[in-house]
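Some notes on the structure that comes next.
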Amino acid sequence: MENLALHAPSIAAIVGGALIGLAAALIWFVTAREAAVSESLDALASGDAAPWHAVFIAALIAGALIAAWAVGSLDTAGIVPADVLPGDTWLLAAGAFLVGAGVRVAAGGLAAHGIFGIARLSARSAVAMAVVMLAAVAVATLVGYAA
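Numbering-wise, full-length UniProt numbering puts 147 at position 147 of the sequence shown, and it's gapless, one number per residue.
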């Protein structure tokens with residue numbers, strides 16, 4: 001029997017959003033800190049990591065592996081439309097580099113600003129998220145992507 005939850009985008013988005021919110025609240029409650037991937041990676045790289053940093057990164061990797069197992073493949077075909085995730089490795093690498101640079105410039109990524117910052121009613125996070133959304137619309141318009 002096929003798992004319909006994995007193939008219904010709205011259900012998957014609702015479940016995914018709820019799990020992200022639950023994980024964010026749990027980390028905030030347990031550590032009194034925001035769960036920022038960039039912060040955890042920085043802490044691990046510098047050797048100043050608290051144990052929860054390693055657990056957080058390990059959980060992200062485990063979650064990806066569990067999702068791949070649930071779908072039955074590491075292949076994104078059928079999950080992400082081909083026009084959304086093109087096969088050009090250099091384009092994907094350039095995008096990943098730009099995202100990493102943006103995270104450093106903005107002092108945090110979507111998790112830090114979008115989940116924690118907005119929840120705290122941070123003006124800086126609201127501006128950061130507005131800029132991200134405007135940039136996303138601009139890039140989608142420039143490359144001709146239509147949902």
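The C-beta atom is built at its ideal place from N, Cα and C for all residues, glycine as well.
Bear in mind that the values here come from a model prediction, so they are computed numbers and not experimental data.
Taking the Cα positions, H113 is about 11 angstroms away from V131. In this structure, A36 lies near G108, with their beta-carbon atoms less than 7 angstroms apart.
Here the C-alpha atom of R33 lies approximately 28 angstroms from the C-alpha atom of A136. A Cβ-Cβ separation of about 6 angstroms places A54 in contact with L44 under the 8 angstroms criterion.
Counting every other CB atom within 10 Å of its CB across the protein chains shown gives A128 a total of 16 or more, marking it as buried. DSSP, reduced to helix, strand and coil, places R33 outside both helices and strands of the structure shown, so it counts as coil.
Put simply, the backbone Cα of A18 is about 17 angstroms away from that of G117.
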